[in-house]
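Quick note on numbering: the sequence shown equals residues 6 to 93 in this note's numbering.
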Amino acid sequence: MSTETKFKVKVYPSPKPKRVPKVVSEELKHGASPKAISRMKKESVDCPVVKKEVAFLVCFACPSFLRRVTGVVDCAGGQGPPADWLKG
Ligand code: SF4
Numbered sequence: 006m007s008t009e010t011k012f013k014v015k016v017y018p019s020p021k022p023k024r025v026p027k028v029v030s031e032e033l034k035h036g037a038s039p040k041a042i043s044r045m046k047k048e049s050v051d052c053p054v055v056k057k058e059v060a061f062l063v064c065f066a067c068p069s070f071l072r073r074v075t076g077v078v079d080c081a082g083g084q085g086p087p088a089d090w091l092k093g
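If you want it as structure tokens, here you go:
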């Protein structure tokens, strides 16, 4: 998989936060504090691959996620998140 940044994607607080699938939030519990998770749950990105609003935590777990530097995600622009994660 490419590790070069193809897209710079801005993270923003969503007026209507997207649902984060259980499998994603469970996974994150091992690495992030509950406080950080609850803050990030309210954030979204406009994903250039699936071309819609995606919860930041879904983006974070996506195979194309490279890094987040302050409010910007470096996205490799390859595969987007699994369709299952985008329901709701
Ligand atoms: S990392 Fe995944 S979810 Fe995030 S912007 Fe890139 S393709 Fe979309």
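Note that beta-carbon positions come from the ideal geometry of N, C-alpha and C, so glycine has one too.
| query | From what residue to what residue does the beta strand (DSSP E) around VAL77 run? | reply | VAL77 -> beta strand (DSSP E) spans 77 to 80.
| Cβ contact check for the region 9 to 16 and the region 51 to 62: 3 or more pairs under 8 Å | These segments touch.
| Beta-carbon spacing of ALA60, LEU71 below 7 Å | No, the pair does not count as a contact, with Cβ atoms beyond the cut-off.
| request: Identify whether CYS67 lies in helix, strand or coil by the three-state DSSP scheme. | output: The three-state reading of DSSP puts CYS67 in coil, since its state is none of H, G, I, E or B.
| request: Could you check which residue in THR75, LYS56, MET45 has the C-alpha nearest to that of ALA66? | output: Here the closest residue by C-alpha is MET45.
| task | Spatial neighbours of GLU58 within its chain, please: CB distance less than 8 Å, with the 5 preceding and 5 following residues excluded, ordered by chain position. | result | The residues SER19, LYS23, SER49, VAL50, ASP51, CYS52, in chain order, have a CB closer than 8 Å to that of GLU58 in the same chain once the five nearest residues on each side in sequence are set aside.
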